[in-house]
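So the structure is just underneath, and the comments pick up after that.
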Amino acid sequence: MDAFPTQHQQHPAAPASPAGQKPRKPWYKRWWAIALGVVLAIGVIANLGGNGQDSPTATAETTPASSPSSSSASPSTSAPASPSTSASATAVQAAEVEESESPTSTPTPTPSEEPEPTPTEEPEPVEADPSDYEKLTARDLALITKDPDAHMGRQVQVYAHITQFDAATGDCIFRGNASQANMADTWDYEHNSMFMAETGIGCEALSDFVGDDQVHVLATVLMSMSYDTQIGGSTTVPVYQIDGIELVQ
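Taking full-length UniProt numbering, the leading residue of the sequence shown gets 1, the next gets one more, and so forth.
Put into structure tokens, the structure is as follows:
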């Protein structure tokens, strides 16, 4: 009969390890080693994660090709206007609007300078031609003295004795007694008359004549004139325009 197995037979022994090797410990007896490995793995992963975050930043700074600004348009064409430029443009537009809305002022007319009159030389008086003046008879002169207005414009030759040529008459008019011829005596000049040079030969032509002179006159009958006499009353006489005059005696 076979013998009952002993206690050692009921629990067979582990197989023998190869020669030269120590027997392996169960896994639950190596827990501290596993825990240490896990901690080291987590540290390595964290270190790698930190380096991974720094790496893109360094790449972005050192690699212009990957910079977003390099792929965008040039700042000179896409950059917005500076505040000073915008303010200047706004001020110009405001000035234009104000100028367009302001009322148009009426221009003040510039006074034009009046042209200075060109001095004109007075024409020299033309000497009267005696042949253009009628020689009178005593009757002709009497008719002119009677009604001077009926003979206005008639050109005649008369002789006169100057009876008044002073401050009362002035430089352009003298009073004299007329005759149709040169008389030997002053009392033979019988027709009271007035002689005026202003509208004829000119006042300067009489500057050398005085009262009591006897003259030869080329005259034009102008009109009649009435004046008061020194003895009272008034008288009407013919007025002759002096076109030419010369001293007789």
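Ideal Cβ positions, reconstructed from N, Cα and C, are used throughout, including at glycine.
- A distance below 8 Å separates the beta carbons of E134 and V156.
- The region 130-164 is shown to contain whole beta strand (DSSP E) runs of 3 or more residues at 155-164, in chain order.
- The distance from the Cβ of A178 to that of A160 is about 5 Å, consistent with a contact at the 8 Å cut-off.
- Membership of D212 in any beta strand (DSSP E) is not indicated, and neither H nor E is assigned to it by DSSP.
- Rounded to the nearest whole angstrom, the C-alpha separation of I173 and L136 is 23 Å.
- The alpha carbon of M225 has as its nearest neighbour, out of D213, Q180, I144, I245, the alpha carbon of I144.
- A residue is called buried once 16 or more other Cβ atoms fall within 10 Å of its Cβ, and A168, having fewer, is exposed.
- In the displayed model, T235 falls within a strand according to three-state DSSP.
- Going by beta carbons, S193 and Y227 fall outside the 8 Å limit.
- Within 10 angstroms of the beta-carbon of I42 lie fewer than 16 other beta-carbons, which makes it exposed.
- With a threshold of 16 other beta carbon atoms within 10 Å, L36 falls short and is exposed.
- In this model, W187 and V237 are separated by some 18 Å (Cα to Cα).
- A residue is called buried once 16 or more other Cβ atoms fall within 10 Å of its Cβ, and I231, having fewer, is exposed.
- G170: not part of any beta strand (DSSP E); DSSP gives it neither H nor E.
- With a cutoff of 8 Å on beta-carbon distance, V221 and R175 are scored as not near each other.
- Counting along the chain, S112 sits inside no beta strand (DSSP E), nor does DSSP assign it H or E at all.
- F165 sits away from V215, with the two beta carbons spaced by 8 Å or more.
- Checking the DSSP bridge columns, you'll see I201 has no partner listed.
- Around the Cβ of A219, a 10 Å sphere holds 16 or more other Cβ atoms; the residue is buried.
- Within the same chain, F174, R175, G176, F209, V210, G211, D212, D213, Q214, V215 come within 8 Å of I162 by CB-CB distance, once the 5 residues on both sides are set aside.
- Excluding residues up to 5 positions away in sequence, D171, C172, A197 lie with their Cβ nearer than 8 Å to the Cβ of C203 in the same chain.
- The shortest C-alpha to C-alpha distance from T235 to any of P109, H191, M152, P130 is the one to H191.
- The alpha-carbon of T199 is positioned some 12 Å away from that of G244.
- When rounded, the separation of the alpha-carbon atoms in H151 and I242 is 16 Å.
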